[in-house]
Amino acid sequence: MKILVIEDEAQLREQLKQQLQESGYVVESAGDGKEGLYLGGEYPFDLAIVDIGLPDISGIEVIRQWRSEGRSLPVLILTARGRWEEKVEGLEAGADDYVVKPFNFEELQARVRALIRRAGGWSDSSLRCGPIQLDMVQQTVTVNDSPVELTAYEYRVLEYLMLHAGEVISKTDLTEHIYEQDFDRDSNVIEVFVGRLRKKLDPDNVYKPIETLRGRGYRFAIAREAVT
Amino acid sequence: MNSLSSRLLVAASLVLLVFLGVTGLVLDNAFRRSAEEAVSERLTSYIYAILDPFSIDEKTGKVTLPSQLRNQRFLRPESGLYARIIDETGHVLWRSKSMVDLDVPFIGTVASGETVFGRLDGPAGLYFGIALETLWDVPGGKTRHIIVQVTESGRAYVEQVNSYRRHLWGWLLGVVFLLLLVQWGILHWGLLPLRRVSDAVSRIENGEAEFIEGRYPAEIRVLTDSINSYIRTERLQRNRYRDTLGDLAHSLKTPLAVLRGLGSEGKIDARGVAELNEQIDRMNQIIGYQLQKASTAGRQIMARRVPVRELVERMVETLGKVHHNRRIRCVVEIDDDVTFRGDPGDLMELIGNLLENAFKWADARIRVRAAIQPDDQTGQLVLCIDDDGPGIPVDKVDDVLRRGVRADESVSGHGIGLAIVRDIVDAYHGRLNITRSEWGGAAFCLSFPC
């Protein structure tokens, strides 16, 4: 999961970046609206956290521009003023949720998770496809209720594929969403991760959860189960 | 008598009536006098006309007058003009034929050589009489005292005066009516700019205009200009105030966010983190609450009217987006003409905080209702937000609304939002009631004087 953080206060930006990275997200950050707009246009992000009170181009302007360009990524706004006028303006500009400073990191993380799964069409943070269940809060995976140990990267790949279950995801997409922008990309690594995931999730090759579509990418092939 | 135009109209009408009344009386008096004078002159001339052809036979004492008196009215019976001649003993020497045997009043005693004119009362009403006492040379060198008396019926005079009065008062009434009409027109025209100013002010209050527009006479322009500049500075001031407070909030809260982040970095032990977070929460709530309180505009002079429905629908839509996955049905029941008299930002705070609260606690349903309810004054705006959540127990209501800041978020999870709502409601002299909704959840009802 790749997140863009636009926040002008350097210390807060670094904290956010660090805490989100510790939670397993890939994070890029920008210190002003201009850089944020550039990054947002350049890379595919799964979510953006935008401070409304940016010095040059306001957060609201950044969101408006993205929306007018047809970018539909979920946007979480950070507001310090706390007045409803600002929140409503941000939400009407196209933001999906707001967090008022100073926030609990746990609360922010919950909002981020909720927005990401909502964008993937999930209504609960526990994603279940057939026997495979992925808990976004605990970051755990079970198959037929028995836990499966995954490395951080394996988990990221599976989370991304399951969030977009049913869709074809190219190797480049996967790489983009799993690594920082300056990471030395090697698409073979993705193949290795997918291979290991198949073994761990489906050692007997019964469920065939991840499908390979030659030349196009991968698809999580087990249908979603609506969790009510 | 609480309007300028009725005051002016009443005062001017009184002055007009008194003036025209006095004028009428003076004219009436002058006319009567000149009419009486004319009568007196005419009667005097009759006397001389009688004296001229008159002679007395000394022996018989008989008065002879030529039967052909110049004025036919002396001859025609009951013509209204009568004359007689008497001697000093009151013995009638001669009477005009017109008298027949009528009882006609005459002026009686007169000093020697004088003429007396006056009004007389007779059987047929008013008479005018004149009498002349004179010495008459009788042939034989003697002289006799005789009195010549002429009386004329006042009927003609009365008719003349009455007809004059009819005309006079008729015309005066006409003039009064016309002048009142003209005066009303002048008043209307003269006070028109004031009426326009008051219309302009109500347009501002209805939110149809920003300022008092148009040109006004010099006397009022000072007023309209200062009202306009007052509105302008007041709005600028309020915006500047709000921006400054917003900036202050921003510059205080971002460092607080950094501090809170520090706690999560693992450099501080768990007890330290709890302590740090508690203090940050307190500071944050104090900042939030006090700044909100300071930036509440409250009830203002010339407040604009904010359409409630539009604003509520905007907020329901945006908040509905945030709470999209809760699948809560939010119904808005507000008529188009319901308005809130005050600052749109304040209304937004009220609705935002209450709606956020409702979305937080509702199970599946929220309803926002607003209406103008008539009371003995101008009516009041009643705005209610109901949800079907757990509701607030009666004994907790005061805790929920407690003024000031309590870091104790466990008070059924209703944060400082409701304290803010209460403060804004107070600033508008409104009321906030918390009851149970028909679904068993919380029902927050605000009411404001219109």
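Just so you know, the protein sequences line up as chains A and B, in that order.
Residue numbers for the first sequence follow our numbering, beginning at 2 and rising by one.
Residue numbers for the second sequence follow our numbering, beginning at 1243 and rising by one.
By construction, the Cβ of each residue, glycine as well, lies at the ideal position given by its N, Cα and C atoms.
Judged by DSSP secondary structure, A:Tyr26 falls outside any alpha helix (DSSP H); it is assigned neither H nor E. Between B:Leu1269 and the set B:Leu1433, B:Arg1408 and B:Cys1572, the nearest pair of CA atoms involves B:Arg1408.
The residue from B:Leu1420, B:Phe1296, B:Tyr1324 and B:Thr1351 with its alpha-carbon nearest to that of B:Gly1332 is B:Thr1351. Here B:Trp1413 is exposed: its Cβ has fewer than 16 other Cβ atoms, across all protein chains shown, within 10 Å. Excluding five sequence positions before and after B:Leu1293, the CB atoms of its chain that fall closer than 8 Å to its own CB belong to Leu1374, Thr1376 and Val1390, given in chain order.
Of the candidates B:Arg1438, B:Asn1519, B:Thr1677 and B:Ala1512, B:Asn1519 places its Cα closest to the Cα of B:Ala1499.
Note: B:Ile1298 is bridge-paired with B:Val1305 in the DSSP secondary-structure output. For A:Thr152, there is no enclosing beta strand (DSSP E), since its DSSP letter is neither H nor E.
For B:Asp1665, the three-state secondary structure derived from DSSP is helix.
For B:Glu1455, the secondary structure class from DSSP, reduced to helix, strand or coil, is coil. DSSP places B:Ser1471 inside the alpha helix (DSSP H), whose first and last residues are Ala1460 to Ser1506. A:Trp85 belongs to the set of residues whose beta carbon lies under 7 Å from a beta carbon in chain B. The beta carbon of B:Ile1576 sits no closer than 7 Å to any beta carbon of chain A.
Under the Cβ criterion of 7 Å, B:Glu1591 is counted among the residues facing chain A. Around B:Arg1474, the same chain offers no residue with a beta carbon nearer than 7 Å, after the five sequence neighbours per side are excluded.
Against A:Pro56, chain B offers no close residue; the least beta-carbon distance is about 11 Å (beta-carbon pairs closer than 8 Å). Here B:Ala1516 is exposed: its Cβ has fewer than 16 other Cβ atoms, across all protein chains shown, within 10 Å. The Cβ of A:Ala111 sits no closer than 7 Å to any Cβ of chain B. The beta carbon of A:Leu198 sits closer than 7 Å to those of Glu155, Val158, Leu159 and Ile211, all from its chain and outside the five residues before and after it, given in chain order. Under DSSP, A:Phe221 forms a beta bridge with A:Ile211. With respect to chain B, the C-beta atom of A:Asp47 has no partner C-beta closer than 7 Å.
Interface residue (Cβ-Cβ distance to chain B less than 7 Å): A:Ala11 is not classified as such. Nearest Cα to B:Asp1523 within the set B:Arg1547, B:Lys1509 and B:Pro1497: B:Pro1497. When DSSP assignments are scanned along the region 48-114 of chain A, the uninterrupted stretches of alpha helix (DSSP H) that are 4 or more residues long and fall wholly within it turn out to be 60-69 and 85-94. At least 7 Å separates the CB of B:Asn1470 from every CB of chain A. At least one CB atom of chain B sits nearer than 7 Å to the CB of A:Phe106. For B:His1387, there is no enclosing alpha helix (DSSP H); the residue is found in the beta strand (DSSP E) stretching over Lys1384 to Ser1395. Taken through DSSP and simplified to helix, strand or coil, B:Asn1404 comes out as helix.
Remark: C-beta atoms of A:Phe221 and A:Ala153 do not approach each other more closely than 7 Å. Looking at the backbone, the Cα of B:Gly1683 and that of B:Ala1606 are separated by about 11 Å. For A:Gly216, the closest of A:Asp203, A:Lys201 and A:Val169 by C-alpha to C-alpha distance is A:Val169. Look at the region 1479-1504 of chain B: the residues with a C-beta under 9 Å from a C-beta of chain A are Arg1484, Leu1487, Gly1488, Asp1489, Ala1491, His1492, Ser1493, Leu1494, Lys1495, Thr1496, Pro1497, Leu1498, Ala1499, Val1500, Leu1501, Arg1502, Gly1503 and Leu1504.
Taking 7 Å as the cut-off, the Cβ atoms of A:Ile64 and A:Ala31 do not count as close. Below 8 Å, too few C-beta pairs join the region 1344-1359 of chain B and the region 1419-1435 of chain B to call them touching: fewer than three. Contact between the region 1578-1592 of chain B and the region 1660-1670 of chain B is established, with three or more Cβ pairs separated by less than 8 Å. Each residue's CA atom was taken as its position, placing A:Met137 and A:Lys200 some 21 Å apart.
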